[in-house]
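Asks: Start counting at 1 in the sequence shown, then tack on 306, and there's your number in the working numbering.
C-beta: ideal position from N, C-alpha, C; glycine also.
These figures come from a predicted structure and were not determined experimentally.
Questions regarding the structure given below will be posed in turn.
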Amino acid sequence: MMKFHECNLNIRYDLPKEILAKLERVYSKMPGWLGFGTKDNGYDGIPHWFSFKEDEKYVLASIEPGGLQFEANMDKDEWLSWKTDFKKIATEVLGFNVGEIEEGEVGDEIEWL
307 MMKFHECNLN IRYDLPKEIL AKLERVYSKM PGWLGFGTKD NGYDGIPHWF SFKEDEKYVL
367 ASIEPGGLQF EANMDKDEWL SWKTDFKKIA TEVLGFNVGE IEEGEVGDEI EWL
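Structure follows, in structure tokens:
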């Protein structure tokens, strides 16, 4: 059964530009990648996975002051698996431990590899 989910990862807007520039590579490695929304499809400039429509299975993300904020509408087990894969790929591509501060996975300071 699909449900609404959220999470916030420690990928902050104030990271160096060369690190943030690698985010699209992370996005594109994830299952369901559709690209960025447009004025006519989804939210303009926001990355989307699976669908641009919120009444279907979807994931979207935006960089906020506190980090990369995700929201999703999907089965819980699929969401947990997708989120775990995102953290793993992001850690490899971005070069630091990516995780949820709120869950105690990482601290406030970036842990570079």
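Out of 374, 309, 367, which has the shortest C-alpha to C-alpha gap to residue 318?
Replies: 374
Asks: Between residue 418 and residue 401, is the Cβ-Cβ spacing less than 9 Å?
Replies: Contact: yes.
Asks: If the criterion is Cβ atoms closer than 9 Å, does the pair residue 352 and residue 329 meet it?
Replies: No, they are not a contact pair.
Asks: Grab the span of the alpha helix (DSSP H) containing residue 332 for me, first residue to last.
Replies: 329–335
Asks: By how many angstroms is the C-alpha of residue 344 removed from the C-alpha of residue 324?
Replies: 24 Å
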